[in-house]
Structure formats: C-alpha cells, structure tokens
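Novice: I'd like to ask you about the structure that follows.
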Amino acid sequence: MDLKSGLPFWLIKNGLSKDYNTLDSDIETEVLIIGSGITGALVAHFLCEGGVNCVVVDRRMASTGSTTASTAQLQYEIDTFLFDLIEKVGEENAVKAYQKCLESIYTLEKIIKKLKIDGNFEWRSSLYLASDAKGFKDLEQEYETRKKFKLPVTLLNQKELKDKFNIDKKGALYNDCSAQIDTFKLCTELLNYHKKNSGLVVYSHTDVVKVENKKEHIIAITEKGYKITAKKIVAAPGFESESLLKEKVMQLNSTYVFVSKPLKEEDFWNEKCLIWETARPYIYVRTTKDNRIMVGGFDEDFQNPKKRDALMEQKNKAILKRFKKLFPDSKIEVDFYWCGTFGETKDGLPFIGEHKEHPNMYFALGYGGNGITFSVIAAEMIKDLYLGKPTDSDLFAFDR
Ligand SMILES: Cc1cc2nc3c(=O)[nH]c(=O)nc-3n(C[C@H](O)[C@H](O)[C@H](O)COP(=O)(O)OP(=O)(O)OC[C@H]3O[C@@H](n4cnc5c(N)ncnc54)[C@H](O)[C@@H]3O)c2cc1C
137 MDLKSGLPFW
147 LIKNGLSKDY
157 NTLDSDIETE
167 VLIIGSGITG
177 ALVAHFLCEG
187 GVNCVVVDRR
197 MASTGSTTAS
207 TAQLQYEIDT
217 FLFDLIEKVG
227 EENAVKAYQK
237 CLESIYTLEK
247 IIKKLKIDGN
257 FEWRSSLYLA
267 SDAKGFKDLE
277 QEYETRKKFK
287 LPVTLLNQKE
297 LKDKFNIDKK
307 GALYNDCSAQ
317 IDTFKLCTEL
327 LNYHKKNSGL
337 VVYSHTDVVK
347 VENKKEHIIA
357 ITEKGYKITA
367 KKIVAAPGFE
377 SESLLKEKVM
387 QLNSTYVFVS
397 KPLKEEDFWN
407 EKCLIWETAR
417 PYIYVRTTKD
427 NRIMVGGFDE
437 DFQNPKKRDA
447 LMEQKNKAIL
457 KRFKKLFPDS
467 KIEVDFYWCG
477 TFGETKDGLP
487 FIGEHKEHPN
497 MYFALGYGGN
507 GITFSVIAAE
517 MIKDLYLGKP
527 TDSDLFAFDR
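Sequence positions in the sequence shown follow the numbering used here and run 137 to 536.
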C-alpha cells in the first residue's frame with residue numbers, strides 16, 4: 137500500500153535511520169514483531185524490558201511507514217466524544233478507554249526518561265475549539281461528561297478564549313496534559329536502544345507474506361522464502377493489516393499536512409498549545425522544536441493514492457485558509473507538505489490482542505487520530521498477555 141506522499145517533515149529533519157540488514161536465512165526467535173513503526177518499536181520495548189527475546193521485521197526501510205507522516209500530537213481525547221463513546225461501548229469501557237489514553241502519555245514520558253532517549257517529547261496544553269453554536273453545545277455536554285468522570289478538562293467561553301488565546305470562536309475545551317513528539321525519532325531511538333542493550337534484532341526490507349500455525353509454534357514466511365519460527369507473532373503492520381488479518385476492521389481515509397517555515401517566538405499563540413476543532417473536516421495544529429507550525433486535516437474518506445495525491449495542492453490551500461481564519465495576523469508560510477493514509481474504526485477505538493481465527497498471534501492495531509497513544513496501550517497490553525498477567529484486553533477486543 138502507498139501510505140504517504142510528498143515530503144514528510146520528520147524524514148527530512150532526521151534523515152534515514154542507519155539501515156538494518158535484510159533477512160537472508162531461516163531464523164528462530166521467541167517473539168516475532170511484524171512492523172517497525174512506533175507500535176512495533178513500543179511492543180519491542182515492553183517485551184525486551186520483560187526479558188523476552190524478539191525480532192522485528194519490516195517490508196520497508198525501518199520505521200518509514202505512517203510513523204514518518206504523523207503529526208504526533210498526544211491527546212487523551214479521541215475522535216469520538218466521551219458521551220458518544222458511552223452510547224457505543226457502555227460507560228465503564230468508554231471511561232476506561234479515555235483514562236488509558238491519558239495514562240499512556242505519562243507512560244511514554246517515563247519510557248523516554250528511563251532509557252534516556254530523545255523523542256522531542258514536550259508537554260503541551262490543548263484546545264478543542266467549538267467551530268459553531270452546535271459545536272459549542274457538544275463541547276458543553278462533553279465537558280459535563282468528562283468532569284463527571286474526573287478527566288482533566290476546563291470549558292472556556294468566548295471571552296475567555298479570546299482573552300487568553302486571541303481566538304474568536306464560541307468556546308473551547310482546554311486541558312494541560314497533552315503532548316507532542318517526533319515519532320520517527322522516538323521510534324528509531326527505541327529500536328536502536330534495544331538493539332544495543334537488549335539483543336533486539338531488526339530486519340528491514342523483509343516482507344512477511346504468509347503465516348503458518350503449527351501445534352507448538354508459528355512460522356512467518358518472507359517474500360524471499362525464508363522462515364522465521366517463533367512462539368508468538370505480534371502483528372503491528374499499521375494500516376496495512378490486510379495480508380495478516382482476515383477480517384476488515386477499518387475504513388481507510390486520507391489526510392493532508394504542511395509545516396511552515398520557522399517563525400519567531402513572538403509569532404506564536406499563547407502556550408503554543410495543540411489546537412483542533414469540532415468542524416468536519418477539521419484542522420489540527422501543533423508547533424515544532426525549531427519553531428514551525430504544523431497543520432493537518434481536511435481528511436477525505438477514501439484511500440486511493442492517485443486521487444489522494446492529486447488533491448495535495450488544493451488541500452494545502454484549504455488548510456492554510458482555515459488556519460488564517462483562526463489567526464488572521466499570522467506570518468505563517470508553507471515550507472514542506474505531505475499527505476498520508478490513516479484508518480478509522482466504527483467506535484474510534486483500536487483493536488488489540490488475540491483474534492480467534494489467528495492462533496499464536498497478537499494484533500496491535502491502533503487506528504484513528506490517536507494512533508500513538510493506542511500504540512502505547514497496545515504494547516503494554518501485549519507484553520502482559522504474553523507474560524500471562526491480567527489485562528483490560530476485552531476493552532479493545534475484536535468481538536467487543
Ligand atoms: C498525516 C497523519 C497524521 C497523524 N497524526 C497523528 C497524531 O497527531 N497523533 C496520533 O496519535 N496519531 C496520528 N496519526 C496516526 C499515527 O501516525 C499512526 O497511528 C502510527 O504512526 C501508526 O504506527 P504503526 O507503527 O502502527 O504503523 P506504521 O508506522 O505504518 O508501521 C507499520 C510498519 O509495518 C510494516 N508492515 C506492514 N505489513 C507488513 C508485512 N506483511 N511484513 C513486513 N512489514 C510489514 C510497514 O512497512 C510499516 O513500516 C497520524 C497519521 C497520519 C498519516
């Protein structure tokens with residue numbers, strides 16, 4: 137699948153990671169992880185920390201799937217309002233899912249600090265803007281719901297929003313426990329750390345085309361015909377799950393992003409907070425360490441790469457126009473732009489854990505706008521499943 141086009145900023149900023157070898161013999165390992173994006177890297181991290189022997193394979197150059205295209209905003213609030221999610225999956229599960237997303241941001245910070253690696257992690261506040269009167273009504277209901285379950289949230293009215301952020305909208309939900317990272321850097325550093333310290337082995341350009349289940353083990357067969365024998369396989373293939381999972385569990389969409397030229401400190405809004413909005417299509421906004429503004433959005437509900445790429449210029453203009461409506465005096469100018477595919481599930485939650493038609497496999501499919509927080513949750517949960525510890529895996533089960 138063609139996951140992205142254009143010039144993803146993180147790849148330009150960091151350059152390609154040191155390449156890994158391509159598999160050229162049969163091997164054995166305890167756990168095979170398919171996919172070296174942020175999900176696979178986090179799964180490898182948790183398993184290595186648990187003393188499990190792992191191999192990671194990727195059909196591309198390591199970590200160059202959706203992870204390089206991400207805007208990498210970390211928010212506990214998912215695309216589905218909590219009050220809507222309660223309708224869909226029940227109160228207990230919906231609240232737990234939100235709480236887990238919140239915890240995952242702290243978990244990620246802890247990992248970075250513990251390993252002393254660099255993922256450009258920065259805590260940020262976040263604004264969820266009401267784009268119109270209906271949006272504000274929804275935000276009021278969402279505020280009451282989140283407050284009831286003690287999730288961190290403040291409701292700003294029009295005046296408070298204008299006074300504090302100089303944004304002229306009906307109101308916004310505000311929280312100060314969001315974050316932003318450079319996912320590609322983090323992913324590369326995680327893999328390198330465990331390669332050096334935990335005996336992790338990573339193979340690039342190694343495509344798994346078939347999986348065979350045996351009584352005591354499972355075998356992955358690569359495009360070149362080599363066999364990887366393992367006790368378990370963790371599938372972390374991002375939005376390319378079709379070759380590993382029989383069931384269709386997501387809708388594939390396209391999204392568009394640009395990053396501005398660097399600006400001066402005084403050219404930014406208060407707190408350089410993350411911003412998104414209730415309008416559909418929406419824009420999502422963050423800043424970078426080198427003082428750029430990154431704006432994405434104007435999603436389309438198709439995946440066709442030709443059709444997706446043909447719209448890039450037009451989408452850029454639309455995103456810029458929407459941004460300038462929020463900040464009419466901004467000196468923003470586009471530097472690089474790209475677009476990417478992303479998947480969405482019906483309830484906005486990921487699929488994590490076992491699937492009855494795929495014995496000896498765990499899936500880590502963190503779909504939606506919060507893919508990275510879901511990756512953290514999936515990685516920790518799969519480690520617990522493998523080590524036989526209790527988990528909340530029912531929350532994200534395929535048959536939920
Ligand atoms: C433009 C954009 C903006 C986004 N913004 C955000 C955001 O702000 N916050 C957020 O949390 N999330 C965001 N996301 C989503 C987030 O980036 C993804 O959820 C996350 O990067 C997925 O990581 P992954 O490791 O699961 O997938 P990937 O990074 O795609 O990694 C999967 C890897 O598996 C490999 N693979 C697949 N099948 C096979 C196979 N059979 N054999 C071998 N290798 C295989 C692929 O080559 C790939 O490298 C965004 C996504 C996009 C595209």
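Where a beta carbon is used, it is the ideal one built from N, C-alpha and C, also for glycine.
#1: Specify the secondary structure class of residue 468 as computed by DSSP and reduced to three states.
#2: Quick one: residues in its chain with C-beta nearer than 7 Å to the C-beta of residue 396, no 5 flanking neighbours on either side, listed in chain order?
#3: Going by C-alpha distance, which of 244, 368, 347 and 352 is nearest residue 359?
#4: Exposed or buried, which one is residue 192 when buried takes at least 16 other CB atoms within 10 Å?
#5: Does at least one heavy atom of ligand 1 sit under 7 Å from the Cβ of residue 239?
#6: To the nearest angstrom, how far is it from the Cα of residue 492 to the Cα of residue 378?
#7: Helix, strand or coil: which one does DSSP assign to residue 439?
#8: Candidates 473, 530, 364 and 341: which alpha carbon is nearest residue 349's?
#9: Kindly identify the DSSP beta-bridge partner or partners of residue 203.
#10: Please look up how many angstroms separate the CB atoms of residue 320 and residue 204, rounded, as I've assumed it's under 8 Å.
#11: If we count the other Cβ atoms within 10 Å of its Cβ and call it buried at 16 or more, is residue 394 buried or exposed?
#12: Would the region 497-506 count as touching the region 368-377 if we require 3 or more Cβ pairs under 8 Å?
#13: Could you check whether the Cβ of residue 210 sits closer than 7 Å to any heavy atom belonging to ligand 1?
#14: Can we count residue 478 as close to ligand 1, meaning its CB is less than 7 Å from some heavy atom?
#15: Could you check what DSSP says for residue 181 in three-state terms: helix, strand or coil?
#16: Can you tell which of 169, 199, 356 and 225 has the C-alpha that lies nearest to the C-alpha of residue 156?
#17: Within its chain, find whatever has a CB closer than 6 Å to the CB of residue 226; leave out the 5 residues flanking it on each side and keep chain order.
#18: Do residue 574 and residue 265 have their C-beta atoms within less than 8 Å of each other?
#19: Within its chain, find whatever has a CB closer than 7 Å to the CB of residue 298; leave out the 5 residues flanking it on each side and keep chain order.
#20: Less than 7 Å between the CB of residue 511 and some heavy atom of ligand 1, yes or no?
#21: Tell me whether residue 157 counts as near ligand 1, meaning its Cβ is closer than 7 Å to at least one heavy atom of that ligand.
#22: Counting only runs that start and end within the region 282-313, where is the beta strand (DSSP E) found for 3 or more residues in a row?
#23: Apply the 10 Å Cβ neighbour rule to residue 153 and answer buried if 16 or more other Cβ atoms are within range, or exposed otherwise.
#24: Beta strand (DSSP E) containing residue 498: first to last residue?
#25: My parser needs the beta strand (DSSP E) runs of 3 or more residues fully inside the region 352-428; what are they?
#26: Please determine whether the Cβ atom of residue 205 lies at a distance below 7 Å from any heavy atom of ligand 1.
#27: At which residues does the beta strand (DSSP E) containing residue 212 begin and terminate?
#28: According to DSSP, is residue 188 helix, strand or coil?
#29: Do you know offhand how far residue 292's Cα is from residue 401's?
#30: Only counting the same chain, and skipping five residues up and downstream in sequence, which positions put a Cβ closer than 7 Å to that of residue 274?
#31: Report the option in 142, 220, 184 and 146 whose CA atom is closest to the CA atom of residue 483.
#32: With 16 other CB atoms within 10 Å as the buried threshold, where does residue 368 fall?
#33: Sorted by chain position, which residues of the same chain lie with C-beta nearer than 6 Å to residue 334's C-beta, five sequence neighbours on each side aside?
Specialist: Answer, in terms of the structure:
#1: For residue 468, the secondary structure class from DSSP, reduced to helix, strand or coil, is coil.
#2: 428, 429, 468, 469, 470 and 471
#3: Distance from the Cα of residue 359 is smallest, within the candidate group 244, 368, 347 and 352, for 347.
#4: buried
#5: No, since every heavy atom of ligand 1 falls outside the 7 Å radius drawn around the Cβ of residue 239.
#6: 16 Å
#7: coil
#8: 364
#9: DSSP lists no partner for residue 203.
#10: 5 Å
#11: For residue 394, the number of other beta carbons within 10 angstroms of its own is at least 16, and it is reported as buried.
#12: yes
#13: The answer is yes for residue 210.
#14: yes
#15: Of the three classes helix, strand and coil, the one that applies to residue 181 here is helix, per DSSP.
#16: Between residue 156 and the set 169, 199, 356 and 225, the nearest pair of CA atoms involves 199.
#17: none
#18: The structure shown has nothing for residue 574, since the chain only spans 137 to 536.
#19: Cβ neighbours of residue 298 within its own chain (closer than 7 Å, five residues either side excluded): 304.
#20: Yes, the beta carbon of residue 511 sits closer than 7 Å to at least one heavy atom of ligand 1.
#21: no
#22: 290-293
#23: buried
#24: 494-501
#25: Within the region 352-428, the beta strand (DSSP E) runs of at least 3 residues that lie entirely inside it are, in chain order, 354-358, 363-366, 368-371, 387-396, 410-413 and 419-423.
#26: yes
#27: First-last for residue 212: undefined, no H or E at that position.
#28: In the structure shown, residue 188 adopts coil according to DSSP, grouped into three states.
#29: 25 Å
#30: 217 and 414
#31: When only C-alpha atoms are compared, the closest one is 220.
#32: Burial check for residue 368: the Cβ neighbour count within 10 Å reaches 16 or more, so the residue is buried.
#33: 184
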